[in-house]
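K.L.:
To convert a position in the sequence shown, counted from 1, into our numbering, add 320.
Supplied in structure tokens, the structure appears directly below.
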Amino acid sequence: MDIVMKFQLLGLVTKNLFFVIFGDHTRAFNIATNDFCVADNVKVLEPKIFNIKSILFIITIWQKGIPNLGYARHWSIAKNIQIKLPITANGEIDFDFMENFIKAIQKLIIKDLVIWSQKKIEATKQVVEF
């Protein structure tokens with residue numbers, strides 16, 4: 321039984337296919353797309369945006385604004401952080417820009433990973449030939 325079905329059975333109907341998890345002590349954000357359980361020092365956030373790439377963009381900016389207070393709790397600061405998001409010519413939040421930006425970053429990472437892998441393969445071939 322998936323998490324959405326469990327929420328529906330409990331009367332906590334949700335449209336989201338994922339949740340954002342915030343570690344109060346660690347300032348870390350994670351996106352949960354499967355069943356999960358959490359401890360005391362975690363906030364489970366239900367996004368109003370259903371695009372994971374836009375969420376990745378937003379939480380990356382959000383996380384940068386949360387100061388490191390060591391092992392202290394950070395939610396009291398995090399929940400009040402104001403961030404600037406890209407906007408369209410109409411003044412609306414530009415979700416397309418955010419999604420395309422994250423896609424571009426992912427392509428760059430894949431490209432770098434391919435180059436790194438090819439170098440490792442070449443280095444291994446040179447060692448094996450000796």
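A virtual CB, placed ideally from N, CA and C, is assigned to each residue, including glycine.
Between the region 413 to 425 and the region 384 to 401, can you find at least three pairs of beta-carbon atoms closer than 8 Å?
P.N.:
No, because fewer than three Cβ pairs between the region 384 to 401 and the region 413 to 425 fall closer than 8 Å, the two stretches do not touch.
K.L.:
Please return the same chain residues whose Cβ sits closer than 8 Å to the Cβ of residue 365, not counting the five positions on each side in sequence.
P.N.:
Taking the first residue of the sequence shown as 1, we reach residue 365 at position 45. These residues qualify, in order along the chain: 339, 340, 341, 342.
K.L.:
Tell me which residues share the same chain as residue 445 and place their Cβ nearer than 6 Å to its Cβ, disregarding the 5 neighbours each side in the sequence.
P.N.:
Here the question's residue 445 lines up with position 125 in the sequence shown. The answer is none, since no qualifying residue turns up.
K.L.:
Are the CB atoms of residue 356 and residue 383 nearer to each other than 8 Å?
P.N.:
Here residue 356 is taken as the residue at index 36 of the sequence shown, counted from 1. Here residue 383 is taken as the residue at index 63 of the sequence shown, counted from 1. Not closer than 8 Å, so no.
K.L.:
Three-state secondary structure (DSSP) at residue 362?
P.N.:
Taking the sequence shown and counting its residues from 1, one reaches residue 362 at position 42. Of the three classes helix, strand and coil, the one that applies to residue 362 here is strand, per DSSP.
K.L.:
In whole angstroms, what is the alpha-carbon distance linking residue 289 and residue 422?
P.N.:
For the chain, the structure presents residues 321 to 450; residue 289 sits outside this window and is missing.
K.L.:
Between residue 361 and residue 344, how many whole angstroms is the CB-CB distance? I'm expecting something under 8 Å.
P.N.:
Against the sequence shown, residue 361 aligns to sequence position 41. Against the sequence shown, residue 344 aligns to sequence position 24. Indeed they touch by this definition, with Cβ atoms about 4 Å apart.
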